[in-house]
Amino acid sequence: MARTGDLAARDPADRAMAAPVLECRGLREAFGDLVAVDDVSFYISPGETYGLLGPNGARKTTTISMVAGLLEREAGQVLVDGKPMTTTSVGVKALCGYVPQEVAVYPDLTGRENLRFFASLYGMRGTRAHRRVEEILDTIGLTARGGDQVKKYSGGMQRRLNIGIGLLHRPRLLILDEPTVGVDPQSRNAILESVESLASEGMAVLYTTHYMEEAQRLRPRRDHRPGQAPGGGHLPRACGHGRRAGPGARGCLG
Ligand SMILES: Nc1ncnc2c1ncn2[C@@H]1O[C@H](COP(=O)(O)OP(=O)(O)OP(=O)(O)O)[C@@H](O)[C@H]1O
Ligand SMILES: [Mg+2]
Numbered sequence: 070m071a072r073t074g075d076l077a078a079r080d081p082a083d084r085a086m087a088a089p090v091l092e093c094r095g096l097r098e099a100f101g102d103l104v105a106v107d108d109v110s111f112y113i114s115p116g117e118t119y120g121l122l123g124p125n126g127a128r129k130t131t132t133i134s135m136v137a138g139l140l141e142r143e144a145g146q147v148l149v150d151g152k153p154m155t156t157t158s159v160g161v162k163a164l165c166g167y168v169p170q171e172v173a174v175y176p177d178l179t180g181r182e183n184l185r186f187f188a189s190l191y192g193m194r195g196t197r198a199h200r201r202v203e204e205i206l207d208t209i210g211l212t213a214r215g216g217d218q219v220k221k222y223s224g225g226m227q228r229r230l231n232i233g234i235g236l237l238h239r240p241r242l243l244i245l246d247e248p249t250v251g252v253d254p255q256s257r258n259a260i261l262e263s264v265e266s267l268a269s270e271g272m273a274v275l276y277t278t279h280y281m282e283e284a285q286r287l288r289p290r291r292d293h294r295p296g297q298a299p300g301g302g303h304l305p306r307a308c309g310h311g312r313r314a315g316p317g318a319r320g321c322l323g
């Protein structure tokens with residue numbers, strides 16, 4: 070956290086000079102005859118949010134699964150903080166928080182119990198784990214409901230918990246797969262504000278969406294044309310948009 074705090078305190082020009090948190094070069098994946106991802110290259114700097122926009126089947130999940138080291142790629146390179154990511158890179162995966170498209174929490178446990186369980190998987194114990202869980206509940210706006218079973222949460226609350234789990238270990242790179250699907254406009258806004266806030270603290274954020282208005286909230290970076298991934302890659306029917314988070318864009322979900 071100190072590292073992200075330090076970045077936030079720096080001049081924006083310094084942040085622009087910072088080495089990318091994520092670099093993807095020439096990503097390619099095929100399922101039989103279907104070339105799902107063809108020569109996609111892009112990078113994300115500290116404090117930057119980068120969205121992959123596309124309809125159902127546009128290859129968004131396939132692309133970020135390769136980035137997160139969950140799917141073998143046919144070709145290409147993924148570097149996180151300059152270190153190569155593969156499906157077996159445990160140490161590099163620890164730099165990432167991955168929030169899957171489907172909510173992946175235990176419905177019979179409370180929100181707090183879910184967070185404590187996942188914190189233990191990250192090796193957090195005792196006071197450190199307790200403090201971090203309470204911090205996350207605050208960040209996702211679920212402190213008051215932390216003692217309720219998740220199956221009694223609304224869909225939007227479950228999505229917020231899903232995101233909170235990805236934040237527990239303070240990742241350098243947060244990867245969100247359609248974090249706002251099935252969420253009401255107010256909760257969607259809260260989730261997007263939270264994503265912008267995390268980026269303003271120096272975290273790099275990669276997310277997917279099929280909502281045009283979410284992409285419009287992001288301004289296209291000038292190093293590529295809409296519809297073409299930066300670096301000249303080709304993600305059929307999807308396009309990437311990125312921007313740096315504005316200063317002071319702090320807030321919490323809810
Ligand atoms: N393991 C697989 N084997 C074969 N085809 C696959 C596999 N995974 C994905 N695909 C195909 O790749 C294409 C892209 O799927 P993907 O899940 O990446 O799309 P998406 O953009 O995330 O869609 P959605 O918005 O519905 O989540 C689809 O045609 C899908 O059927
Ligand atoms: Mg998907």
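Residues in the sequence shown are numbered consecutively from 70, following my numbering. Each residue gets a CB set at the ideal place from its N, CA and C atoms; glycine is no exception.
In angstroms with no decimal places, state the Cα-to-Cα distance between residue i and residue j.
i, j, result
"residue 267", "residue 101", "38 angstroms"
"residue 89", "residue 119", "12 angstroms"
"residue 180", "residue 191", "17 angstroms"
"residue 205", "residue 256", "17 angstroms"
"residue 174", "residue 108", "34 angstroms"
"residue 290", "residue 178", "In this predicted model, residue 290 has a pLDDT of only 46, less than 50, meaning its place in the structure is not dependable enough to derive any value."
"residue 94", "residue 121", "16 angstroms"
"residue 143", "residue 104", "10 angstroms"
"residue 156", "residue 218", "33 angstroms"
"residue 216", "residue 182", "8 angstroms"
"residue 253", "residue 224", "9 angstroms"
"residue 270", "residue 97", "32 angstroms"
"residue 92", "residue 152", "10 angstroms"
"residue 87", "residue 199", "33 angstroms"
"residue 148", "residue 213", "39 angstroms"
"residue 210", "residue 133", "27 angstroms"
"residue 282", "residue 264", "15 angstroms"
"residue 184", "residue 221", "16 angstroms"
In three-state DSSP terms, what is residue i?
i, result
"residue 241", "coil"
"residue 268", "helix"
"residue 153", "strand"
"residue 131", "helix"
"residue 118", "strand"
"residue 196", "helix"
"residue 249", "coil"
"residue 158", "coil"
"residue 206", "helix"
"residue 185", "helix"
"residue 223", "coil"
"residue 261", "helix"
"residue 324", "Residue 324 is absent from the structure shown; the chain starts at 70 and stops at 323."
Tell me, please, which residues DSSP counts as bridged to residue i.
i, result
"residue 113", "91"
"residue 273", "242"
"residue 97", "107, 144"
"residue 218", "179"
"residue 168", "245"
"residue 278", "122"
Regarding residue i and ligand 3, is the C-beta to nearest heavy atom distance less than 7 angstroms?
i, result
"residue 128", "This structure simply doesn't include ligand 3; it includes ligand 1 and ligand 2 instead."
Task: Cβ contact check for the stretch 119–129 and the stretch 186–203: 3 or more pairs under 8 angstroms - done: no
- [ ] Spell out a yes or no on whether the stretch 156–167 and the stretch 238–249 are touching, meaning 3 or more CB-CB pairs, one atom from each, closer than 8 angstroms.
- [x] yes
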